[in-house]
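With our numbering, the residue at position 86 of the sequence shown is 82, and numbering never jumps.
Cβ coordinates follow ideal geometry from the N, Cα and C atoms, glycine included.
Given the structure is predicted, the values throughout are model-derived calculations rather than measurements.
Down below is the structure, laid out as structure tokens.
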Amino acid sequence: MSTVCVVQLLSNDAKDSLRGASYWKTMLDLAGLVNALVLDKHRITVIEIHRLLDISVSITHTIMHQHFNFRKICTQWVSHQLASKQRITRMVLFSNHLQRYHDEEYGFPS
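Shown next, in the form of structure tokens:
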């Protein structure tokens, strides 16, 4: 990331306090703000970040995907969407792992 890359940003606070005067934020500053928002709320969307920071969607997308390598997770892959056969296989595997911890006495809570 280069500090030379500068984005003009006009926030609502600046509009009120500076009477419409624009100020400049570097990509690093914006990336820090985006990172803080994502760490604070893991389910935040690109559109929400765009609206909160009053920056373009393309800049938000660039920061999310190129600077932090964040990716969306498809909800259909969440474990509650497994078929019954997949749930049974998962339970068998978990039971095997728990039994191994118990047999090898790793101090796993019983």
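The alpha helix (DSSP H) with H57 in it runs from where to where?
Taken as a continuous stretch (DSSP letters only), the alpha helix (DSSP H) holding H57 covers V53 to T58.
If you pair each beta-carbon of the segment 23 to 35 with each one of the segment 54 to 66, do three or more pairs fall below 8 Å?
Per the Cβ contact rule, the segment 23 to 35 is in contact with the segment 54 to 66 (3 or more Cβ pairs under 8 Å).
7 Å CB neighbourhood of L33 in its chain, flanking five on each side removed
Residues I40, I45 and L48 of the same chain have their beta carbon placed closer than 7 Å to that of L33, with the five preceding and five following residues left out of the count.
Give the secondary structure of T41 by DSSP, where H, G and I count as helix, E and B as strand, and everything else as coil.
It is coil, neither helix nor strand.
For the alpha helix (DSSP H) containing D50, name the first residue and the last one.
Note, D50: premise wrong, no alpha helix (DSSP H); not H, not E.
Cβ-based neighbour list, F64, same chain, cut-off 7 Å, excluding 5 preceding and 5 following:
Residues N31 of the same chain have their beta carbon placed closer than 7 Å to that of F64, with the five preceding and five following residues left out of the count.
Following the continuous alpha helix (DSSP H) through F64, name the residue where it begins and the one where it ends.
Careful: F64 lies outside any alpha helix (DSSP H) and carries neither H nor E.
Which of the three DSSP states is assigned to H46 in this structure?
Helix, per DSSP.
Any idea if W73 is buried or exposed, counting beta-carbon neighbours within 10 angstroms, 16 or more meaning buried?
With a pLDDT of 37 at W73, under the threshold of 50, the predicted position of this residue should be treated as unreliable, though the coordinate-derived value follows. By the 16-neighbour rule on beta-carbons within 10 angstroms, W73 is exposed.
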